[in-house]
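There are 2 protein chains.
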Amino acid sequence: MKKLNSMNKEELLELINESQKKYDSYKSKNLKYDMSRGKPCPEQLDLSDGILDCISSTSGLKAGDGTDCRNYGGLDGISDAKVLFSQLLEVGVNELIVGGNTSLNMMYDCVSRAMLKGVLGSDMPWGKLDQVKFLCPSPGYDRHFAICEFLGIEMITVDMNEDGPDMDTIEKLVSEDASIKGIWCVPKYSNPQGITYSDEVVERFAALKPKAPDFRIFWDNSYTVHHLTDTPDQLKNILESCKQAGNSDMVYIFASTSKITYAGAGIAAMGASEANIEFLKKQLGIQTICYDKINQLRHVRFLKNMDGIAAHMKKHAAIIRPKFDIVLDILDKELKSGGAAEWTCPNGGYFISLNTMDGCAKAVVAKAKEAGVTLTGAGATFPYKKDPRDRNIRIAPTYPSLDELKNAIKVLCVCVLLVEAEKLLAGM
Amino acid sequence: MKKLNSMNKEELLELINESQKKYDSYKSKNLKYDMSRGKPCPEQLDLSDGILDCISSTSGLKAGDGTDCRNYGGLDGISDAKVLFSQLLEVGVNELIVGGNTSLNMMYDCVSRAMLKGVLGSDMPWGKLDQVKFLCPSPGYDRHFAICEFLGIEMITVDMNEDGPDMDTIEKLVSEDASIKGIWCVPKYSNPQGITYSDEVVERFAALKPKAPDFRIFWDNSYTVHHLTDTPDQLKNILESCKQAGNSDMVYIFASTSKITYAGAGIAAMGASEANIEFLKKQLGIQTICYDKINQLRHVRFLKNMDGIAAHMKKHAAIIRPKFDIVLDILDKELKSGGAAEWTCPNGGYFISLNTMDGCAKAVVAKAKEAGVTLTGAGATFPYKKDPRDRNIRIAPTYPSLDELKNAIKVLCVCVLLVEAEKLLAGM
Numbered sequence: 211m212k213k214l215n216s217m218n219k220e221e222l223l224e225l226i227n228e229s230q231k232k233y234d235s236y237k238s239k240n241l242k243y244d245m246s247r248g249k250p251c252p253e254q255l256d257l258s259d260g261i262l263d264c265i266s267s268t269s270g271l272k273a274g275d276g277t278d279c280r281n282y283g284g285l286d287g288i289s290d291a292k293v294l295f296s297q298l299l300e301v302g303v304n305e306l307i308v309g310g311n312t313s314l315n316m317m318y319d320c321v322s323r324a325m326l327k328g329v330l331g332s333d334m335p336w337g338k339l340d341q342v343k344f345l346c347p348s349p350g351y352d353r354h355f356a357i358c359e360f361l362g363i364e365m366i367t368v369d370m371n372e373d374g375p376d377m378d379t380i381e382k383l384v385s386e387d388a389s390i391k392g393i394w395c396v397p398k399y400s401n402p403q404g405i406t407y408s409d410e411v412v413e414r415f416a417a418l419k420p421k422a423p424d425f426r427i428f429w430d431n432s433y434t435v436h437h438l439t440d441t442p443d444q445l446k447n448i449l450e451s452c453k454q455a456g457n458s459d460m461v462y463i464f465a466s467t468s469k470i471t472y473a474g475a476g477i478a479a480m481g482a483s484e485a486n487i488e489f490l491k492k493q494l495g496i497q498t499i500c501y502d503k504i505n506q507l508r509h510v511r512f513l514k515n516m517d518g519i520a521a522h523m524k525k526h527a528a529i530i531r532p533k534f535d536i537v538l539d540i541l542d543k544e545l546k547s548g549g550a551a552e553w554t555c556p557n558g559g560y561f562i563s564l565n566t567m568d569g570c571a572k573a574v575v576a577k578a579k580e581a582g583v584t585l586t587g588a589g590a591t592f593p594y595k596k597d598p599r600d601r602n603i604r605i606a607p608t609y610p611s612l613d614e615l616k617n618a619i620k621v622l623c624v625c626v627l628l629v630e631a632e633k634l635l636a637g638m
Numbered sequence: 211m212k213k214l215n216s217m218n219k220e221e222l223l224e225l226i227n228e229s230q231k232k233y234d235s236y237k238s239k240n241l242k243y244d245m246s247r248g249k250p251c252p253e254q255l256d257l258s259d260g261i262l263d264c265i266s267s268t269s270g271l272k273a274g275d276g277t278d279c280r281n282y283g284g285l286d287g288i289s290d291a292k293v294l295f296s297q298l299l300e301v302g303v304n305e306l307i308v309g310g311n312t313s314l315n316m317m318y319d320c321v322s323r324a325m326l327k328g329v330l331g332s333d334m335p336w337g338k339l340d341q342v343k344f345l346c347p348s349p350g351y352d353r354h355f356a357i358c359e360f361l362g363i364e365m366i367t368v369d370m371n372e373d374g375p376d377m378d379t380i381e382k383l384v385s386e387d388a389s390i391k392g393i394w395c396v397p398k399y400s401n402p403q404g405i406t407y408s409d410e411v412v413e414r415f416a417a418l419k420p421k422a423p424d425f426r427i428f429w430d431n432s433y434t435v436h437h438l439t440d441t442p443d444q445l446k447n448i449l450e451s452c453k454q455a456g457n458s459d460m461v462y463i464f465a466s467t468s469k470i471t472y473a474g475a476g477i478a479a480m481g482a483s484e485a486n487i488e489f490l491k492k493q494l495g496i497q498t499i500c501y502d503k504i505n506q507l508r509h510v511r512f513l514k515n516m517d518g519i520a521a522h523m524k525k526h527a528a529i530i531r532p533k534f535d536i537v538l539d540i541l542d543k544e545l546k547s548g549g550a551a552e553w554t555c556p557n558g559g560y561f562i563s564l565n566t567m568d569g570c571a572k573a574v575v576a577k578a579k580e581a582g583v584t585l586t587g588a589g590a591t592f593p594y595k596k597d598p599r600d601r602n603i604r605i606a607p608t609y610p611s612l613d614e615l616k617n618a619i620k621v622l623c624v625c626v627l628l629v630e631a632e633k634l635l636a637g638m
């Protein structure tokens, strides 16, 4: 196919005509595919069903240190879970809290408590200030942005480069504006691009000199072991880097097993300096007596250690890698020669990020929905759901079956061609 | 024994002498009993171990409506759990949210979100007001009071009568002061007295005319099925009463299975008007994707229905009733004739509330601790940990064994006599 932007009127009309026919044919099939969220598919969930058998009424329900996991107590997690998660988070056993079933909730709690009470080193609660701002490298994770919007935290969009966020802008902004209290990062296999921050980016994060003494990096390492290939990306240890830069209290690290075991019934954990953890535990002790220690024990017995996790994640990759391949394959075939879009080829994570021509994403997503293919809302990957160039579409390949996926991505490609050709034609 | 307050100097000296001997003998035994919290004992937890066997890798993990409990989704709980908890909370299936492992956390979330964003009907977030106040019927549950203290909510102590809180005072205060936004209640088998609110008290609650349009009753019905006898107390339905009084949005009801199944790994739920629930779900959707639906399913399969819960609670009562009896028996024998203290004889719940002579509770608790018996801190049952008459001691009989309990309560009684006799002597 000729490049779309070098097509003349006739060629565009022909492309529209041809694409419309294909679109109509898909539409007549009454498809109903939901690709809106990064959900594991049932076959992935099946991989963890053994977790239900590793604890029973006869198996003993005490943690390594003798704690009865059935009773109250153990605010920051059972000893065995602390060991496992300290390895996953790459922090010390005194540098973490093992929590409940979702890291999103832990992040929300950290921000909401900061608004109500401040963090270690705050002069006052963030919520008492005239303005609180967060930096939001974008495209990014919509639920991070939703927390800020809900709590009235002003979001400042920062561009993403190929090796992480635009650090020049971040360094400048945080050093000048004391109302900037935080930044959201998905540093490995980022949502939605699948980018892993380079060592230089991590070091520059660790060496930030924020004007706000209580600035925090929210380092959401959700996809740390979620490799798609045998040559996984490596992410430099942020807490170590922060310590070396004399900024040990500047980072909160989050992770969970939501996409390792069960998406709704996993275990979340957060890592930070010992001083941060001590401070947070005092706040947390008001909020709850303990998290579900039985589920923590279940996870330790099932996953065992980092080798166990790595072996388990290979099974996930065997299921979802073909799904990523098929998406990339169809995008290549349908869109590459015409230059209709650009997309990422991630080494891990849950998403492929696709950029259309400027001003087309909303129309493409709407058109796909009309044909029965629900994608993540256009704009969702940006603060306030506003993609300044209206071009980013997040593709979540994991949940649908291979057949469904094949159809869904073909529909997406036809919609891209149709919307773009019409736009080019209208601009002639 | 003669009444302490009618003893002369010699009689008091003799009592002190005799009690001191007993005290020293206990002290020499190096006891180490912890009666500080209302924890179930291991035998009670054993009753629920079957909950671990009712879900396995081969048992099917779909809720009644087909939801895969392993995946994301279902913010307000699985359909089956909604049915069960609607019966426990005595609300409709659209009038509740089934949550995570602790109702304390649900209550904290409700108050903290109210501070940050307000509740249904708020003109502005509570935290933006100059003052926010809660009424605290006392003695009450220390963790309720800790939430207020943490969030800077001013607490106003309200006396407890034998049929519930002093409603005259409550009616007056809430109708006059718009900064009073809430009240904490444990309406059935109250912590620590074991009192159940009378129908009249419930009706007067429902008919309150608060000056604040966004006033909420936090109705913590933790002990709703936790009977100790075959003639359980009855509590009038607060949501129904509120509806009849035209105040349907005024109450949040909380309950959990923490003291039905596992204390650290149960299921919490809250009930409220449909309008409240709709409003709360929108806020909750920012905070989390879903609670642990697998544990919800586990609870439904294990407890089945209200008959299942009732049968299960009888087993609990069979274990803990003898513990309450032994405490009451020893208190009767050691303290009654001397008039040294007053205490409650609850029909359910987890505590016995003991009042010493004014000004003695702190000294008694300290003395017991010196002899190896840790009780709930004196004052803990009041806002700001300040018991205005320094007389209330919360006894938590469930966790220790019968033998431990026998010794612990004897120590407590000796401490009461010793402290009171010394105080009376000093005042002569």
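Here the protein sequences come in this chain order: H and S.
For the first sequence, the residue numbers in this note's numbering are 211 to 638.
For the second sequence, the residue numbers in this note's numbering are 211 to 638.
Glycine is no exception: its CB is placed at the ideal position from the N, C-alpha and C atoms.
For S/Ser332, none of the residues of chain H pass the 9 Å Cβ criterion, the least Cβ distance being about 14 Å. By DSSP's assignment, H/Asn565 forms a beta bridge with H/Glu552, H/Asn602. A straight line joining the alpha-carbon of H/Ala571 with that of H/Asp333 spans about 43 Å. Shown here, H/Phe512 sits in a helix according to DSSP, grouped into three states. Taking a C-beta distance under 8 Å as the contact criterion, S/Tyr351 and S/Lys398 do not qualify as a contact pair. Note that the C-beta distance between S/His436 and S/Leu257 is not below 8 Å.
Proximity of the region 418-432 of chain S to the region 462-476 of chain S meets the contact definition, three or more beta-carbon pairs being nearer than 8 Å. Counting only the Cα atoms, H/Cys625 lies some 18 Å from H/Met217.
Remark: C-beta atoms of H/Ala356 and S/Ile288 do not approach each other more closely than 8 Å.
Listed in chain order, the positions of the region 493-511 of chain H with a beta carbon within less than 8 Å of a beta carbon of chain S are Gln493, Ile496, Gln497, Thr498, Ile499, Cys500, Tyr501, Asp502, Lys503, Ile504, Asn505.
When DSSP reads this structure, S/Cys395 sits in a beta bridge with S/Trp429. Contact annotation: the region 556-564 of chain H does not touch the region 472-485 of chain H, with fewer than three C-beta pairs closer than 8 Å. Look at H/Pro607: its C-beta is not under 8 Å from any C-beta on chain S.
The beta carbon of H/Lys327 sits closer than 6 Å to the beta carbons of Pro335 from its chain, once the five residues preceding and following it are set aside; these are given in chain order. Contact annotation for H/Tyr282 against chain S: Arg247, Lys249, Ala473, Gly474 [CB-CB distance below 7 Å, chain order]. Remark: fewer than three beta-carbon pairs, one from each stretch, lie closer than 8 Å, so the region 534-552 of chain H and the region 448-457 of chain H are not flagged as touching.
Of the candidates H/Lys421, H/Leu438, H/Ala388, H/Met460, H/Met460 places its Cα closest to the Cα of H/Val412.
S/Leu449 is the residue among S/Leu449, S/Ser385, S/Leu585, S/Asp387 whose C-alpha sits nearest the C-alpha of S/Asp409. Looking at the DSSP output, S/Ile540 shares a beta bridge with no other residue. At a cut-off of 8 Å between beta carbons, H/Pro397 makes no contact with chain S.
In the same chain as H/Tyr407, and ignoring 5 residues on each side of it, the C-beta atoms closer than 6 Å to its own belong to Gly374, Pro397, in chain order. Separation of the CB atoms of S/Val342 and S/Ser389 is rounded to 6 Å, and the pair is thereby assigned contact status at 8 Å.
H/Gly260 has a beta carbon lying within less than 8 Å of a beta carbon in chain S. One finds nothing in chain S with a Cβ atom closer than 9 Å to the Cβ of H/Leu383; even the nearest lies about 25 Å away. Among the CB atoms of chain H, none fall inside 8 Å of the CB of S/Ala324. Of all residues in the region 262-295 of chain H, the ones placed with a Cβ closer than 9 Å to any Cβ belonging to chain S are Leu262, Asp263, Ile265, Ser266, Ser267, Thr268, Ser269, Leu271, Asp278, Cys279, Arg280, Asn281, Tyr282, Gly283, Gly284, in chain order. One thing to note: S/Asn515 has its Cβ no nearer than 8 Å to the Cβ of S/Leu330. At least one CB atom of chain S sits nearer than 8 Å to the CB of H/Thr312.
Around S/Gly337, the same chain offers Met325, Leu326 as residues with beta carbons nearer than 7 Å, after the five sequence neighbours per side are excluded. S/Ile357 belongs to the set of residues whose beta carbon lies under 8 Å from a beta carbon in chain H. Under DSSP, S/Ala478 forms a beta bridge with S/Ser466. Taking a Cβ-Cβ cut-off of 7 Å, the neighbours of H/Pro252 in chain S comprise Asp278, given in sequence order.
With a cutoff of 8 Å on beta-carbon distance, S/Leu285 and S/Ser322 are scored as not near each other.
Here H/Tyr472 carries a coil assignment [DSSP, helix/strand/coil]. Taking a Cβ-Cβ cut-off of 9 Å, S/Leu257 has no neighbours in chain H, whose nearest Cβ is about 10 Å from it. In this model, H/Ser296 and S/Thr566 are separated by some 48 Å (Cα to Cα).
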